[in-house]
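Start counting the sequence shown at -12; every next residue gets the next number (my numbering).
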Amino acid sequence: MHLYVMARGIKPRLDAWENDLLARYYPHKTKQLGDKGVLQMGVRPIRLYELAFPEPALDEIMRIVQPEPIWNSKYQKYLWMLNKMLKLDKMPALPEATNTTTNFFHRDFVNVTGIGCKKDKYTDGIEMI
-12 MHLYVMARGI KPRLDAWEND LLARYYPHKT KQLGDKGVLQ MGVRPIRLYE LAFPEPALDE
48 IMRIVQPEPI WNSKYQKYLW MLNKMLKLDK MPALPEATNT TTNFFHRDFV NVTGIGCKKD
108 KYTDGIEMI
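Structure (structure tokens):
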């Protein structure tokens, strides 16, 4: 069974809520253990992030975040709808790799899907981030 919900709140409270869910184990019949098996609740966050930064830092941010295409092509239509709802432009191309930021260690075991981007407005030559 899979239940999809949206949750919002301050990050420490959301983290505590996720940890409380991860602490739950339920009886689950397995081939190896029969009726004595247990299964930890799977909590798989799908989070939407808006990363705000000065436009000249785009290449560096793209190297750090390394957005990829959607993990399953059947979800592409939802990305397209999200892109349209947020009025985003096409995702920028990933810049050529350099030695400075390509191995951002927090990126291991994290799938980052690109949705789109939006340029900031400028007032008197100053970017309104």
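The beta carbon of each residue, even a glycine, is placed where N, CA and C say it ideally should be.
Quick one: what's residue i bridged to in DSSP?
| i | result |
| --- | --- |
| Asp7 | Per DSSP, none; premise fails for Asp7. |
| Ile113 | Thr110 |
| Asp76 | Cys104 |
| Gly21 | Thr17 |
Since residue i is in the alpha helix (DSSP H), which residue starts that stretch and which ends it?
| i | result |
| --- | --- |
| Gly71 | Note on identity: in this sequence residue 71 is Lys, with Gly being the wrong assignment. Start and end: 63 to 72. |
| Val52 | 45 to 52 |
DSSP three-state call for residue i: helix, strand or coil?
| i | result |
| --- | --- |
| Asp2 | helix |
| Glu42 | helix |
Could you please give the first and the last residue of the uninterrupted beta strand (DSSP E) stretch that includes residue i?
| i | result |
| --- | --- |
| Gln27 | 25 to 27 |
| Pro14 | 12 to 14 |
If you count every other CB in all the chains shown that lies within 10 Å of the CB of residue i, and 16 or more means buried, which is it?
| i | result |
| --- | --- |
| Gly101 | buried |
Take every Cβ of the region 55 to 65, pair it with every Cβ of the region 27 to 47, and state whether three or more of those distances are shorter than 8 Å. no
Contact between the region 38 to 53 and the region -2 to 13 (3+ Cβ pairs under 8 Å): no
Is the region 72 to 82 close to the region 108 to 116, with three or more CB pairs under 8 Å? no
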